[in-house]
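Undergrad: In my numbering, the protein residues as written are 31 to 438.
1) Pick from 376, 391 and 135: whose alpha carbon is nearest that of residue 383?
2) Which runs of the beta strand (DSSP E), 3 residues or longer, sit entirely within the segment 265-308?
3) Under the assumption that residue 193 contacts residue 145 (Cβ atoms under 8 Å), give the Cβ distance between them as a whole number of angstroms.
4) Determine the burial state of residue 180: buried for a count of at least 16 other Cβ atoms within 10 Å of its Cβ, exposed for fewer.
5) If we call anything under 7 Å between Cβ atoms a contact, is residue 224 one with residue 273?
6) Is it the case that the Cβ atoms of residue 335 and residue 402 are separated by a distance below 7 Å?
7) By alpha-carbon positions, which one of 95, 115 and 51 ends up nearest to residue 71?
8) Less than 7 Å between the beta carbons of residue 268 and residue 289, yes or no?
9) Taking C-alpha atoms, which residue in 348, 360, 354 and 342 lies nearest to residue 388?
10) For residue 307, does the count of other Cβ atoms within 10 angstroms reach 16, so buried, or fall short, so exposed?
11) In this structure, how does DSSP classify residue 39 when only helix, strand and coil are distinguished?
12) Under 7 Å, do residue 237 and residue 340 count as touching if we go by C-beta distance?
13) List the DSSP bridge partners of residue 400.
14) Return the Cβ separation of residue 381 and residue 324 in integer angstroms, given the expectation that the two are a contact with Cβ distance under 8 Å.
15) If you run the structure through DSSP and keep just helix, strand and coil, what is residue 6?
16) Just to confirm the assignment, what range does the alpha helix (DSSP H) spanning residue 390 have?
17) Would you check if the segment 196-203 and the segment 152-160 touch, i.e. whether three or more CB-CB distances between them fall below 8 Å?
18) Hey, is the segment 119-137 in contact with the segment 176-191, meaning 3+ C-beta pairs nearer than 8 Å?
19) What residues in its chain sit with their C-beta under 7 Å from that of residue 80, if we drop five residues either side in the sequence?
20) Can you confirm whether the segment 310-321 touches the segment 351-362 when touching is taken to mean that 3 or more C-beta pairs between the two stretches lie within less than 8 Å?
21) Just mark residue 101 as buried or exposed, buried being the case when its beta carbon has 16 or more other beta carbons within 10 Å.
22) Please determine, among 182, 365, 400 and 351, the residue with the shortest C-alpha to C-alpha distance to residue 376.
23) Mind checking which residues open and close the beta strand (DSSP E) that includes residue 118?
24) For residue 332, which residues in the same chain have their Cβ closer than 6 Å to its Cβ, ignoring the five residues on either side in sequence?
25) Cutting at 7 Å between CB atoms, please list the residues of its own chain near residue 177, excluding the five before and the five after it.
26) With DSSP run on the structure shown, which of helix, strand or coil describes residue 439?
27) Is DSSP giving residue 139 helix, strand or coil here?
28) Considering only their Cβ atoms, is the gap separating residue 317 from residue 214 smaller than 7 Å?
29) One question on the structure: do residue 66 and residue 149 come within less than 7 Å of each other, judged by their Cβ atoms?
30) Which same chain residues, not among the five before or five after residue 259, have their C-beta less than 7 Å away from its C-beta?
31) Let me check understanding here. Comparing Cα to Cα, which of 136, 131, 84 and 135 lies closest to residue 116?
32) If you follow the alpha helix (DSSP H) that residue 324 is in, where does it begin and where does it stop?
33) Just curious, the beta strand (DSSP E) that residue 100 is in, first and last residue?
34) Looking at the strands, I want to know which residues DSSP matches up with residue 29.
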């Protein structure tokens, strides 16, 4: 919640009611829709504990014990219920679809790859010109930006390619705009790599493949999969995004393609791909979570193709990571896809079943391009079925009243 200022108004049960201007999502009863609104007041208080609520759909939230949620009873009445009064098996009223005003994330090499080396001559010349025009001595400037005089002169005279952090520091110190950078390399003699300007749909799909069936090392990005078409897709995306080729190899008897680039590995790490224990620590990168729908959909497509399956009318995505299971549920909710989440000691499963939900899934990730997706689309198109995901509890007394009303 963005709080633009507050003033205390009153106190009630240990909570302060304060004036506040903030934008929140609210349910419009007349329009039957969720939309952003501006608040006039909020309650502010303190607590020594929180209540964690996990739903069958995989959504999770931590709230104060007094925070009220909408619980539906067997009489179909909705009651605002403090979180501390909820019980296992209670049904909560939640939005089918979670609207997000996504924004395309910029890829800033200065921020994400500070130790990479500048490649473009124009960028190097911008820095050299700024240094030559600067007042004061070069020794003083070197000291101001925190490098030795020898390193400074090697960069300033073009003996070695400067790092992005050096370029950024010089530009900041001298009040010069940082030059645009589209290619970098890992060292003075390294191979140049193209850096995408944004996390677009192609980048989103690539991240989905890496986080599902890939591994990140200090110098490589590996993708393990027995499906040749997916390995080829990984290679095509790597070429389009970074202008690098992939190498075919085998790791632990599994056919593998890998990008052998310190720069690409470092970039993915900076965007949130874990270098160690990925299977249990992975989550959806922030650039995807807050990105536009085309990026989110492309990520879901890549992740499903890498680590999903379809059998007997059910899509199942497996993960050992708590965070990834929860994040996938939220991403699917952006497209109105209802899911079930199953957790065991061995990991988590995010499940989509029912022709209607599978059709919504295909609306998001596409219906063509790979056999794993085309099978889901064919099933959704040719099957009429119900799902017990979007259900509400009805008590026996209420059921009897409904039956009597219908028969009368």
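Glycine included, each C-beta is placed from N, C-alpha and C at the ideal position. If you're wondering where the values come from, they're calculated on a predicted model, not measured in any experiment.
TA: Considering the structure as presented:
1) Ranking 376, 391 and 135 by Cα distance to residue 383 puts 391 first.
2) Counting whole runs of 3 or more residues, the segment 265-308 contains the beta strand (DSSP E) stretches 277-281 and 284-290.
3) 6 Å
4) With fewer than 16 other Cβ atoms within 10 Å, it is exposed.
5) It is a contact, given that the beta carbons lie within the stated cut-off.
6) yes
7) 51
8) Yes, they are a contact pair.
9) Nearest option by C-alpha distance: 342.
10) exposed
11) With a pLDDT of 44 at residue 39, under the threshold of 50, the modelled position of this residue cannot be trusted, and the question is left open.
12) In this structure, residue 340 does not lie closer than 7 Å to residue 237 by Cβ.
13) Paired residues: none, contrary to the question.
14) Incorrect: roughly 25 Å between the Cβ atoms, too far for contact.
15) Here the chain covers residues 31 to 438 and nothing more, so residue 6 does not appear.
16) 385-395
17) yes
18) no
19) 92, 93 and 94
20) Contact between the segment 351-362 and the segment 310-321 is present, with at least three C-beta pairs closer than 8 Å.
21) Classification of residue 101: buried, given that the 10 Å Cβ count is 16 or more.
22) 351
23) Premise fails: residue 118 is in no beta strand (DSSP E) and is neither H nor E.
24) Close CB contacts of residue 332 within its chain, under the 6 Å cut and outside five residues either way in sequence, are with 235, 238 and 239 (chain order).
25) 196
26) Nothing can be reported for residue 439: it is not among the residues displayed for the chain, which extend from 31 to 438.
27) helix
28) Taking the C-beta atoms as reference points, residue 317 is found no nearer than 7 Å to residue 214.
29) no
30) The residues are 400.
31) Comparing alpha-carbon positions, the option among 136, 131, 84 and 135 lying closest to residue 116 turns out to be 84.
32) 323-337
33) Going by DSSP, residue 100 is part of the beta strand (DSSP E) stretching over 98-102.
34) Coverage of the chain is limited to positions 31 through 438, which leaves residue 29 absent and any answer about it impossible.
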